[in-house]
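So the mapping is simple: the working numbering equals the position in the sequence shown, first residue as 1, plus 26. Cβ coordinates follow ideal geometry from the N, Cα and C atoms, glycine included. If you're wondering where the values come from, they're calculated on a predicted model, not measured in any experiment.
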Amino acid sequence: MEYIKRNMEEIFLTLNKQYPAILVTGPRQVGKTTMLQKLIHLEACKRNYVSLDDLNDRALAKSDPAMFFQIHKPPILIDEIQYAPELFTYIKIYVDKNQHAGDFWMTGSQLFKLMNGVQESLAGRVAILQLSPFSQQEIYSSYVGAFSLDVNVLAERQKVISPVSAPEIYRRIFLGGMPALVSKKYQERDIFYSSYISTYIERDVRDLSGNIDSLKFLNFITAVAARASQMVNFKGIADDCDIDQTTAKSWLRILEASGIIFYLHPYSNNVLKRTVKTPKLYFYDTGLVCYLTKWSSSETAMNGAMNGALLENYTVSEIQKSYQNVGKESYLYYYRDKDAREIDLLMEGDGQLHPIEVKKTATPEKRIISNFSVIEKSPLRRGTGAVLCLSEKLGAFDNENLIVPISLI
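Dropping the structure here:
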């Protein structure tokens, strides 16, 4: 199976020269271990490797961390470290004593459980990166960089990225970004996702949430997928899968903490007081959404009732991943007020707000950007806006509002 280079490799190697410990988190099977094992072969990165999926090594790490590090000496890659948070204190002691960059590489699939141990023991000593399923940059182009509405950057990007049709965008949405499917290691998509969800329920959700009804959880994650790109409705989700709202909120926290979903929070400030307070929900992998909502092909997804929601989810998640993969924080929001005026996405940066609409059209009309004027009351300066759409080439309505193909993210 051919290795697909990850955009995160560059920032990882930079941080490896600065921090004594680096933690790469993310959901299962997105390629955390594969990427780090590839980097181990670089001369400056050679190290021991141990996986806490091995029950003997896990038992030793939990019962006698000091002996664990006598056997497995740094520099070291510790895989699935969430299984032995007892190691964090000993890593802190070692780091404080030796002050050597790059001694500890760690991966973990249970972010919120990990973060507690990291915050208690390794604050200021560890760099944390989140790896998600493949981005379209990684699969379909050689470009590396956080998405920007700088017209010069977009024009340069267009020179090296071929035009992409609407059916091709939906093929990408349907395929998703899981490495095992992208690399064609597994051909049967439905079997892969079915096994993935079963493993996820057994290994992560059950571990984090105790006793759990697998069928109810499957119904729950399906109900969540059906609401991708929508404002979170706890009652609607709970009613769909016969659970109470408290359980729905708890299970959503598990999905978020383990890198399956993320939220866009509504933008508001002291001037814009009539905005809603409810976040919108997105999946990192649109292939998983298509599987859960039972679209049988990219063609049916493109023409089905969820086509707009799938396109928005894909677009927002690609922007989010473009920031994660270069180690940058993304400041992404959406706007909706009590008069039902909405902007799909707001990007904040350098004292500016960039309004963005996502539309399933190749020839957007200027009326689409009529709501952009609502943010002119914001304390931040209104930056370049855009319609991200299925156009095959970069265009503009005027000098403040661009027409940007989704393939250029």
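Quick one, are the C-beta atoms of residue i and residue j less than 8 Å apart?
i	j	result
residue 395	residue 383	yes
residue 435	residue 348	yes
residue 147	residue 118	yes
residue 47	residue 84	no
residue 263	residue 254	no
residue 195	residue 416	yes
residue 238	residue 327	no
residue 221	residue 280	no
residue 308	residue 329	no
residue 120	residue 91	no
residue 423	residue 385	no
residue 363	residue 302	yes
residue 397	residue 412	no
residue 378	residue 337	no
residue 191	residue 418	yes
residue 114	residue 150	no
residue 315	residue 251	yes
Assuming the contact rule is C-beta atoms closer than 8 Å, residue i and residue j should be a hit. Round their C-beta distance to whole Å, please.
i	j	result
residue 243	residue 231	6 Å
residue 359	residue 374	7 Å
residue 390	residue 432	Not a contact, Cβ separation roughly 12 Å.
residue 369	residue 357	In fact, because the Cβ distance is near 15 Å, the residues do not count as touching under 8 Å.
residue 154	residue 49	5 Å
residue 341	residue 414	5 Å
residue 152	residue 45	6 Å
residue 240	residue 227	5 Å
residue 186	residue 167	7 Å
Tell me which residues share the same chain as residue i and place their Cβ nearer than 7 Å to its Cβ, disregarding the 5 neighbours each side in the sequence.
i	result
residue 260	271, 274, 275
residue 233	none
residue 284	53, 135, 136, 137, 230
residue 99	74
residue 267	242, 245, 246, 249
For residue i, collect the residues of the same chain with a Cβ closer than 8 Å to its Cβ; drop the 5 residues on either side in sequence, then sort them by chain order.
i	result
residue 305	257, 258, 289, 290, 291, 292
residue 37	155, 351, 352, 353
residue 207	201, 215, 218, 313
residue 66	72, 73, 75, 103
residue 372	293, 358, 359, 360, 361, 379, 380, 381, 382, 401
residue 197	324
residue 310	53, 158, 159, 203, 285, 286, 287, 288, 343, 346, 347
What does the Cβ neighbour count give for residue i, buried or exposed, with the cut at 16 atoms within 10 Å?
i	result
residue 189	exposed
residue 107	buried
residue 126	exposed
residue 56	buried
residue 93	exposed
residue 380	buried
residue 387	exposed
residue 224	exposed
residue 404	buried
residue 68	exposed
residue 409	buried
residue 96	exposed
residue 81	exposed
residue 213	exposed
residue 40	exposed
residue 335	buried
residue 172	buried
Checklist entry - Do the stretch 150 to 166 and the stretch 196 to 207 touch if we need at least three Cβ pairs shorter than 8 Å? => result Yes, the stretch 150 to 166 touches the stretch 196 to 207.
Checklist entry - Can you find at least 3 beta carbon pairs, one from the stretch 169 to 184 and one from the stretch 75 to 94, that sit closer than 8 Å? => result Touching, no.
Next on the checklist: Below 8 Å, how does it come out for the stretch 95 to 104 and the stretch 124 to 136: are there three or more Cβ pairs, yes or no?
Outcome noted: Enough Cβ pairs lie closer than 8 Å, so yes.
Checklist entry - Three or more beta-carbon pairs under 8 Å between the stretch 31 to 42 and the stretch 58 to 67, yes or no? => result Because the criterion of three Cβ pairs below 8 Å is met, the stretch 31 to 42 and the stretch 58 to 67 touch.
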